[in-house]
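Below: one structure, written as structure tokens.
Protein chains in written order, with the working numbering: chain A, 1 to 99; chain B, 1 to 492.
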């Protein structure tokens, strides 16, 4: 399988990456080089093989559904917005999304 | 006395406990080394004031006969670890100026045990690279140079700041991370010891995520003892990481010097690559002989799917990365573009400006292989091949205790030499990436020099959570290799 410029434009949109038109062609060529190399995986027989989901043989641990203390807990509004480019009263500010 | 920065972490620890030296003296000596080593570009940020304050606090504890396992030892921290109140960039423009309000679990463990933070170490952007050239803050330079040459060589990647600073004695030891070989390959290229422990051994909480099923923290240090000391402090169960494994952390130092007699060492024939430099073949043969002389039994094994490991990795890792890096949207933290017309173009422009070329390439691959219509052909197939690679290792470890291979397919190469061909660059991880896919512990130990006088490492891979046997084997290689050469100091 290979990608064409149309697919690359679509993928860039899905990935939320602004790619200028003159970069599309080289990006397509670059991705095809990598995809061609990856395609050797088709040589491997995977009939009846279950896809791997984790390297660790363990159950996902459960915990009590209670508020934690510390950075993963509550009362952190100041910290949550501290690194945001624009905030107002503990809200993240973005361009208008509803007309 | 000798230069305090020439003491290994173990020697420094003992000298500090015996009150022969102070942490503040050691810290100041390292800060002076760092200041002179600007040419190496190993640090993104030096935290001199914090380091001195931590050193003074350590000295106060040591004076009372108190303190943790590495009390007062000055360390370098890869800039992928979030450090509270200290800029953490992951080598990326998109996180420039990001100041985490929390501390990663691994660094929390290190400070609990008395470590002193010298600063944040340069790295490939989001740990995506094998030469440190993808860093937004410029490439790190290897303290090693070819005999008679003065061209700038890579210290490997992505933990190039860690390997370079340990090799150049800019810190007593460093933290690093390994997703496809980012601890072991840089260690091999700089004659340092790098340990990637079993997946789940070190908490990933607070480490900027690249590929969550592969990322694992570990140390780069000057010798196996120092690596053992570092890993013991870094490792441990953490409920904040759901893949952290709850089992006790052994004292890895106790494994050092133990006899390796009777251990079965697997030598996989598929790691003998076409066109591999003869020097690496020879080094591997040396390693086999050393283990045999130490009383090990050498077992020829076959891992036929080895050649598929890198292609699997370049589906799984970008897929996970494209998902993990979706969080950088210019809203909650990180870079926001100045020019945009609506919220969608704000996302797309912020990400295009903030991410470098290689990161964007991997996000694109990851988004593509996960997208509707391609998921089964790429991602699902890759995860099936990955399962077969794991099964192959499980079978091998029924017959052997450790697997011995070269760490990297070449010695340090020049900056720019491989950066135009992504696949050539990816091949750097050909020997290391299998351990990530299977979640196994792996380590690189310096074992010799090539004809140009550049270091080469040997890799040991062990069973899950059998780092102790791995350290035994590493120590045996270290003893037999007797590697003592240091790079000539041209940078200070």
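Quick reminder that beta carbons are idealized off the backbone N, C-alpha and C, glycines included.
Among residues of its own chain, excluding the 5 on either side of residue i, which ones have a beta-carbon nearer than 6 Å to its beta-carbon?
| i | result |
| --- | --- |
| residue 95/B | 89 and 334 |
| residue 283/B | 447, 448 and 456 |
| residue 322/B | 363, 366 and 367 |
| residue 5/A | 24 and 28 |
| residue 67/B | 61 and 114 |
| residue 119/B | 43, 45, 46 and 47 |
Residue i versus chain A: which residues are under 8 Å apart at the beta carbon?
| i | result |
| --- | --- |
| residue 346/B | 94 and 95 |
| residue 207/B | Within 8 Å Cβ-Cβ: nothing; residue 207/B doesn't reach chain A, min ~14 Å. |
| residue 75/B | Ordered by position in chain A, no residue passes the 8 Å Cβ test against residue 75/B, which lies about 22 Å from the chain. |
| residue 45/B | None at all; the shortest Cβ gap to chain A is about 16 Å. |
| residue 377/B | 1 |
| residue 352/B | 17, 18 and 19 |
Could you list which residues in chain B have their beta carbon closer than 7 Å to that of residue i, in chain order?
| i | result |
| --- | --- |
| residue 85/A | 330 and 336 |
| residue 50/A | 387 |
| residue 38/A | 311, 314 and 315 |
| residue 98/A | Near residue 98/A there are no residues of chain B at all, since even the closest Cβ is about 10 Å away, more than 7 Å. |
Cβ closer than 7 Å: which chain A residues qualify as neighbours of residue i?
| i | result |
| --- | --- |
| residue 367/B | 11, 14 and 15 |
| residue 371/B | 11 and 14 |
| residue 340/B | 95 |
| residue 322/B | 15 |
| residue 333/B | 83 and 84 |
Could you tell me whether the Cβ of residue i comes closer than 9 Å to any Cβ of chain A?
| i | result |
| --- | --- |
| residue 137/B | no |
| residue 129/B | no |
| residue 349/B | yes |
| residue 343/B | yes |
| residue 30/B | no |
| residue 268/B | no |
| residue 163/B | no |
| residue 305/B | yes |
| residue 487/B | no |
| residue 188/B | no |
| residue 302/B | no |
| residue 397/B | no |
| residue 203/B | no |
| residue 390/B | yes |
| residue 384/B | yes |
| residue 271/B | no |
| residue 455/B | no |
| residue 319/B | no |
Name the chain A residues whose beta carbon is nearer than 9 Å to that of residue i?
| i | result |
| --- | --- |
| residue 200/B | 55, 56 and 58 |
| residue 409/B | Here the premise fails: no neighbours, minimum Cβ distance about 16 Å. |
| residue 99/B | 82 and 83 |
| residue 308/B | 40, 41, 43 and 44 |
| residue 381/B | 41, 42, 44, 46 and 51 |
| residue 213/B | 52, 53, 54 and 55 |
Along chain B, in chain order, which residues have C-beta atoms closer than 8 Å to that of residue i?
| i | result |
| --- | --- |
| residue 27/A | 361 and 364 |
Is any beta-carbon of chain B found at less than 9 Å from that of residue i?
| i | result |
| --- | --- |
| residue 42/A | yes |
| residue 79/A | yes |
| residue 66/A | no |
Quick one: which chain B residues come within Cβ less than 9 Å of residue i?
| i | result |
| --- | --- |
| residue 33/A | 421, 422 and 423 |
| residue 75/A | Here the premise fails: no neighbours, minimum Cβ distance about 12 Å. |
So, helix, strand or coil for residue i, using DSSP?
| i | result |
| --- | --- |
| residue 266/B | strand |
| residue 126/B | helix |
| residue 177/B | strand |
| residue 22/A | helix |
| residue 216/B | strand |
| residue 464/B | coil |
| residue 446/B | strand |
| residue 3/A | coil |
| residue 227/B | helix |
| residue 249/B | coil |
| residue 403/B | strand |
| residue 434/B | helix |
| residue 300/B | strand |
| residue 74/B | strand |
Apart from the five residues on each side of it in sequence, which residues of its chain come closer than 7 Å, Cβ to Cβ, to residue i?
| i | result |
| --- | --- |
| residue 169/B | 5, 6 and 33 |
| residue 40/B | 140, 141, 143, 164, 168 and 491 |
| residue 478/B | 223, 224 and 445 |
Ignore the nearest five residues each way along the sequence and tell me which others in residue i's own chain have a CB closer than 8 Å to its CB.
| i | result |
| --- | --- |
| residue 2/A | 32, 35 and 36 |
| residue 308/B | 385 and 389 |
| residue 133/B | 124, 139, 154, 157, 415, 416 and 419 |
* Near-chain A residues of the segment 433-448 of chain B - C-beta to any C-beta below 7 Å -> 438 and 439
* Asked: Which residues, in chain order, does the segment 245-265 of chain B contribute to contact with chain A at a C-beta distance below 7 Å?
  -> 245
* To do: Can you give me, in chain order, the residues of the segment 66-92 of chain B that have a beta carbon less than 7 Å from any beta carbon in chain A?
  => none
* Asked: Using a Cβ cut-off of 8 Å, which residues of the segment 231-242 of chain B contact any Cβ in chain A, in chain order?
  -> 239, 240 and 242
* **Members of the segment 2-25 of chain B that neighbour chain A once the beta carbon cut-off is set at 9 Å** => none
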